[in-house]
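> I am attaching a structure below and will ask some questions about it afterwards.
Numbering (the numbering used here), first residue to last: 238 to 522.
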């Protein structure tokens, strides 16, 4: 029950972890990216630092709903930056359309019921890519390493690797971190027992797009979260090509052996089912 001097909005602001649907304007449901074909993992990700540049509000974690909720953002398009202080997931920026819920706030402050059809809070689904700090379960299939150009680590490169999901072609995408490190987890790779002996190693095509100079400069000046484009994995081909350029590369395995281009084609990555394989990506001029 409300205290005599309280208002519904004041009460909700103090108990925002359970009341985002009543008075909030933006909520983010953040989960782990699996692949292009598969929906994100079911578990929500707690412990993230979420900010909107230029606005002091920090959302509260809704343990009961798995949402991060904002109450006071102004309406309109807002850039949201998501950082994992624990290093489990790569930082990512997204764009949100914050609705104008001023009429709802006025009604709640007055102790009345909002009008039917009043704008609802925007709920944004976000899928984060894993970073090297994520503890993978035993038996996970993954490729990891460092992206470098002339011996220098490359931050913010867009990476992709072919995979499979339920017997069909699939794709996993990621971004290299501030130190050039990357992690591509392939959760649906399985041993092919249709042949003898069973096949557990597969060659998968890899693609790499490195930031063009203006984007690389922004990443250096503004930081990894602040400099990257919003929604980097949803860019149209034209928007992506304006910010990144496709790169040829060679691979170097954990033993130092070089996997060069052959016939002008980039080398594939050998994915070993149930293993985490290191392959450093060395960009070519």
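A virtual CB, placed ideally from N, CA and C, is assigned to each residue, including glycine.
1. Please state whether the Cβ-Cβ distance between residue 324 and residue 382 is less than 8 Å.
2. Any beta carbon of chain C sitting closer than 8 Å to that of residue 480?
3. Counting C-beta neighbours from all protein chains within 10 Å, is the total for residue 280 16 or more, i.e. buried, or is it exposed?
4. Under three-state DSSP, which class holds residue 469?
5. Give every residue of the same chain whose Cβ lies closer than 7 Å to the Cβ of residue 498, excluding the five residues on either side of it in the sequence, and list them in chain order.
6. Is residue 263 closer than 8 Å to residue 359 when the C-beta atoms are compared?
7. Among 422, 456 and 333, whose alpha-carbon lies nearest the alpha-carbon of residue 270?
8. Please determine, among 463, 475 and 470, the residue with the shortest C-alpha to C-alpha distance to residue 363.
9. Should residue 375 be labelled buried (16 or more other beta-carbon atoms within 10 Å of its own) or exposed?
10. Go ahead and label residue 319 buried or exposed: buried means 16 or more other beta carbons lie within 10 angstroms of its beta carbon, across all protein chains shown.
11. Per DSSP, residue 295 is paired with what?
12. Look up residue 477 in the DSSP assignment and say whether it is helix, strand or coil.
13. Among 266, 377 and 417, which one has its Cα closest to the Cα of residue 301?
Once the coordinates are examined:
1. Taking the chain shown and counting its residues from 1, the one referred to as residue 324 is at position 87. Taking the chain shown and counting its residues from 1, the one referred to as residue 382 is at position 145. Result no, Cβ atoms of residue 324 and residue 382 do not sit closer than 8 Å.
2. This model lacks chain C altogether; it includes just one protein chain.
3. Translated into positions along the chain shown, residue 280 becomes position 43. By the 10 Å Cβ count, residue 280 comes out exposed.
4. Locating residue 469 in the chain shown gives position 232, where the first residue counts as 1. Three-state DSSP puts residue 469 in a helix.
5. Numbered from its first residue, the chain shown carries residue 498 at position 261. Result list for residue 498: 485, 487 and 504, in chain order.
6. Along the chain shown, read from residue 1 onward, the residue named residue 359 stands at position 122. Along the chain shown, read from residue 1 onward, the residue named residue 263 stands at position 26. Yes, these two residues count as a Cβ contact at 8 Å.
7. The residue you call residue 270 lines up with position 33 of the chain shown. Considering only alpha carbons, the answer is 422.
8. As a position in the chain shown, residue 363 is number 126, starting the count at 1. Answer by Cα proximity: 470.
9. To locate residue 375, count along the chain shown from 1; it is residue 138. Residue 375 is exposed by the Cβ-count criterion.
10. Locating residue 319 in the chain shown gives position 82, where the first residue counts as 1. Buried is the call here.
11. Along the chain shown, read from residue 1 onward, the residue named residue 295 stands at position 58. The partner list for residue 295 (beta bridge, DSSP) is empty, contrary to what the question assumes.
12. In the chain shown, the residue the question calls residue 477 occupies position 240. Residue 477 falls in the helix class under three-state DSSP.
13. Position 64 of the chain shown, counted from the start, is the residue given in the question as residue 301. Closest option to residue 301, Cα to Cα, is 266.
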